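Working notes, beginning with the structure itself.
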Amino acid sequence: MTTATTSYDHKAIEEKWQRQWQNRPDWRAVPRADQAKYYVLEMLPYPSGRLHMGHIRNYSIGDALARYKRMRGMNVLHPMGWDSYGLPAENAAIKNAVHPRRWTHDNIAYMKGQFERFGFSYDWSKELSTCEPEYYRWNQWLFLKMLEKGLAYRKNSRVNWCPKCQTVLANEQVVDGCCWRHETTPVEQKELEQWFFRITSYADALLEDMNQLESWPERVLAMQRNWIGKSVGARIDFQVSGADDSITIFTTRVDTIYGATAVVVAPEHPLVGKLVADMPGGQSILSRIRDLIARRPVALSGETEKEGVFLGRFAINPYSGDQVPIWVANFVLMEYGTGAIMSVPAHDQRDFEFSQKYRIPVRLVVQPARGAALDPRRMEAAFVEYGVLANSGPFSGLPSEEAIRKMTEHAAEKGFGKPETTYRLKDWGISRQRYWGTPIPVVYCKKCGIVPVPYEQLPVLLPDNVQITGLGHSPLRDVPEFLNTTCPRCKGPAERETDTMDTFVDSSWYFYRYTNPDFTQAPVDAAAVKYWFPIDQYIGGIEHAILHLIYSRFFAKVLRDLGLTQSGEPAARLFTQGMVIKEGAKMSKSKGNLVDPDDMVARYGADTTRMYTLFAAPPEKDLEWSDAGVEGIYRFVTRLFRFVSRYAPELKGVAPSAAAGEQTSAEDRKLLRKLHQTIRRITSDFEGRWHFNTDIAALMELVNLLYNLEGQVSPPVLRETLETLVKLLSPFAPYLTQELWNELGHTEDLLHLSWPPFDPVLAKEDELEIPVQINGRLRSKLLAREGLTQEELVEMALGEPRIAQMLRGHEVLKTIVVPNKLVNIVIAQHTR
RNA sequence: GCUGGAGUGGCGGAACUGGCAGACGCACCAGACUCAAAAUCUGGCGCUCCAAAAGAGCGUGGGGGUUCGACUCCCCCCUCCAGCACCA
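In our numbering, each residue carries its 1-based index in the first sequence increased by 7.
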């Protein structure tokens with residue numbers, strides 16, 4: 008044997024194959040009628056400058072799957088692109104005086120190099136970047152369609168405003184209620200006219216269609232359900248005493264309405280001013296309400312002290328005819344329901360607390376269905392459960408469920424109320440007072456009002472010559488060539504909309520565009536979408552569980568209703584991987600616990616880095632980074648490399664063989680058995696739960712066995728084992744395995760080979776080790792061939808000297824035998 | 001508070017359908033090789049009792065239950081993580 012040390016030079020190996028893999032035509036996905044398709048998609052990154060470990064983990068999972076499915080003979084679409092509009096580019100422009108486009112392009116170029124260094128098998132011919140006109144023109148196209156359908160509309164809405172910058176702030180620019188650049192300046196709220204998408208008209212569909220998403224993680228579905236927040240109830244009108252107006256409240260507990268001892272409205276409620284206007288002392292009430300609004304914290308929570316102001320007016324309970332006071336309180340939200348509630352202290356905890364503070368009476372109208380009756384004078388908290396109605400006129404005695412039904416019907420008959428369903432989900436505000444985004448394709452004309460830009464004038468190009476200061480109004484207002492235009496309708500002078508779209512619009516439908524990113528007739532190529540959709544597997548971070556994934560599902564429904572696609576759900580399966588943690592915290596620049604993928608590639612290579620992200624934890628769980636753990640994977644890689652390099656020369660000209668018969672040695676059989684057990688394990692994992700950590704562990708066991716049996720295995724079996732091992736490892740470590748495949752004398756690409764088939768005969772153990780228990784405690788083990796009867800196994804167990812000795816003097820009550828698995832002897836605890 | 005998830009050696013984790021708890025890796029200990037060290041190879045490694053071995057007992061957050069048998073199923077409780085949160 009040669010003494011030359013064959014050391015694993017990851018740098019040389021990876022760079023060599025990288026050169027060969029550039030622009031690989033066989034990673035290109037073309038629809039083929041005769042082949043099953045598989046669309047595996049990882050969430051596209053924002054080109055922030057560098058990939059981080061969370062990205063690497065995400066893409067290592069997706070690439071392993073893509074490679075496996077190709078080896079299984081599927082036609083795989085595995086694309087990648089750039090979510091390239093967004094705020095960081097503008098921040099960089101302010102800080103470093105570099106144009107956002109330039110900054111973005113540079114980052115994309117660098118990160119694409121990182122992708123290539125990691126050897127991810129993307130079809131780069133499908134690459135798209137959302138900041139290019141070829142992409143964002145279709146955002147504009149879709150916006151116009153939605154405008155036609157009434158799904159896009161304009162209304163007043165609040166924005167964050169920094170009085171020092173004199174500009175609108177994005178939510179992520181608000182830090183602890185202050186401007187990110189003026190940390191002591193509180194952010195103000197300002198009303199602006201903005202564009203909205205009517206996602207609420209799909210609220211029920213978004214909820215209903217979750218039934219189709221059986222393969223989505225439960226927690227994602229739960230978060231979305233929560234976010235949509237459907238409540239079924241009723242709206243009831245309370246007539247204002249001595250006025251024509253009525254206040255409409257929303258409640259899910261109309262059965263408690265006889266217990267309403269006040270009506271409470273939000274401080275912004277439109278009736279407030281009117282009700283107070285002609286009252287004596289009205290001005291002082293209004294100023295107290297203004298004060299209430301001003302003192303209200305940015306985010307309300309259960310701990311916020313409840314504060315209210317009595318309006319001095321009364322409303323009439325339409326069921327009981329009682330007069331109840333009208334209050335304004337800080338805990339009633341204008342955005343939810345009708346902005347007004349009935350206050351039932353006895354049966355709502357918030358109302359109870361409010362009543363204690365302002366001495367509003369507690370009137371008990373629901374008693375527990377069983378157990379002692381409640382006494383309102385002794386209650387320390389509201390009774391919020393369903394029960395039986397009391398003190399409720401004709402409805403007394405009814406159980407809550409029935410009362411809700413009957414009382415809602417009653418309201419509808421009498422015309423003072425009706426059933427209503429409300430949602431927490433609000434319409435999606437898409438206007439951003441920013442430069443680096445898709446221009447909203449609308450023109451404002453003094454004569455014609457809001458005029459959509461005609462389709463044939465798309466795209467409305469985002470101009471490049473812009474000063475970005477972060478101060479003052481939207482940058483596009485300062486670009487006269489952009490701002491000033493002619494009205495498409497009357498040809499008179501007009502101004503363009505200078506707001507741009509939320510970048511979540513860009514990422515809500517990009518996965519359709521991947522199927523044919525050069526299509527010029529429409530946003531999506533219906534034929535290509537028909538072939539490739541749905542996405543068979545979508546993979547990304549849990550942080551996108553709500554916004555991105557709800558918006559995407561909304562767009563899928565809109566696109567379907569526009570006749571562009573077939574299905575209202577984009578992804579059949581979703582997988583959310585865990586975060587990458589170091590020293591107990593998510594990796595971040597500010598925490599200083601970043602591990603740079605480039606450093607890892609330089610030190611250990613892409614294969615080791617990829618494999619470590621798969622090995623350190625099951626993919627859905629958080630991964631605690633450990634430098635020592637990376638060393639462990641590197642050791643495994645070099646160990647395998649050394650073994651193959653050592654034996655490859657000897658195996659030249661040897662044909663692989665998996666024949667295991669009478670003449671095969673015990674060692675050959677042992678190795679083949681382990682090999683096929685490993686095939687079974689990894690294959691079923693790829694088809695099921697993706698616990699790649701245990702797959703890599705299984706491959707380590709196989710390599711350990713190779714070393715154990717070194718020199719004792721016949722060359723054909725050794726070749727068979729090494730070749731199969733290389734294939735099994737190839738989805739996780741493409742460079743290493745391609746190199747080893749080469750060393751074993753092959754030239755073809757591993758991706759063109761098929762996945763190794765599993766042989767149950769070879770995997771079967773010659774002899775089974777069967778535990779023998781006494782009263783469920785392990786006492787001995789039997790070596791037995793497979794297929795022995797229960798009686799034979801019991802006889803063998805009783806014959807074991809150790810067992811026989813322990814049974815002496817005890818009565819055997821019964822024996823339990825699981826064939827090929829276990830024997831349990833149940834004995835009486837006491838001696839006879 | 002509501003919703004979802006998790007709790008296993010010194011650490012990351014394994015045990016897929018109720019059937020040998022701790023695979024694999026890290027750390028640690030020992031041996032081989034070496035002048036020596038590193039690297040590499042081999043072996044050991046849950047805890048307690050015992051000088052050690054043999055052996056016994058304990059052990060999957062806590063308490064109870066079902067079962068011949070429970071990390072796994074049921075009931076109660078504790079802790080941690082995540083999302084939402086005066087949502088009427």
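Where is the CB? At the ideal position from N, CA and C, for every residue including glycine. Computed from a predicted model, the values in this text were never measured in an experiment.
Residue i in three-state terms, based on DSSP
i	result
Q29	coil
S294	helix
F125	helix
I437	coil
T12	Its pLDDT being 47, under 50, T12 is placed unreliably by the model, and nothing is read from it.
G286	Residue identity check: residue 286 is Met in the sequence provided, not Gly. Of the three classes helix, strand and coil, the one that applies to M286 here is coil, per DSSP.
Q246	strand
R786	strand
A210	helix
N700	helix
A241	strand
I832	strand
P274	coil
F693	helix
F526	coil
K23	helix
R792	strand
K18	helix
E97	helix
Limits of the unbroken alpha helix (DSSP H) element including residue i
i	result
T731	P722 to L736
K537	A533 to W539
P767	P767 to A770
F643	D634 to Y654
I235	E225 to I235
D513	T510 to D513
L820	Looking at the DSSP string, L820 is not in any alpha helix (DSSP H); the run it does join, the beta strand (DSSP E), is V819 to V825.
A501	Per DSSP, A501 belongs to no alpha helix (DSSP H); it is in the beta strand (DSSP E), P500 to R503.
E750	P741 to E750
T415	S407 to K421
Close Cβ partners of residue i (< 6 Å) along its chain, the five nearest in sequence each way excluded
i	result
L469	P446
T12	With a pLDDT of only 47 at T12, under 50, the local geometry of the prediction cannot be trusted, and the value read off the model is given with reservation. None.
P826	none
T9	In this prediction, T9 scores a pLDDT of 32, lower than 50, which makes its location untrustworthy; no coordinate-derived value is stated.
W443	Y92, A96, E97 and P107
K133	P86, Y521 and P524
Best match in the options for proximity to residue i [C-alpha to C-alpha]
i	options	result
S761	V373, N82 and M60	N82
Q684	D244, K771, E360 and G157	K771
I56	D603, M508, E730 and P524	A quick correction: the sequence has Gly, not Ile, at residue 56. When each option's Cα is compared against that of G56, the closest is D603.
L790	A804, K453, A116 and Y265	A804
G266	V369, E360 and L630	V369
L658	T671, V724 and R617	V724
Boundaries of the beta strand (DSSP E) in which residue i is found, first to last residue
i	result
M349	A347 to S350
P459	G456 to P459
I781	E774 to I781
V83	N82 to L84
T583	L581 to Q584
Cβ neighbours of residue i in the same chain (closer than 7 Å, five flanking residues each side left out)
i	result
P193	G184 and C185
Q474	P482 and D485
C169	L176, C186, H189, T192 and V194
Q879	Nothing about residue 879 can be read from this structure; the chain reaches only from 8 to 839.
F402	L396, A410, K413 and M414
Bridge-paired residues (DSSP) for residue i
i	result
A592	K589
Q474	Answer by DSSP bridge pairing: none, since Q474 is not bridged.
W202	R161
F317	W334
G169	Correcting the residue type first, residue 169 is Cys in the shown sequence and not Gly. Beta-bridge pairing links C169 to T174.
Sequence-distant residues of the same chain with beta carbon closer than 8 Å to residue i, five excluded per side
i	result
P95	Y53 and S55
L820	V833, I834 and A835
T207	Y430, L432, K433 and D434
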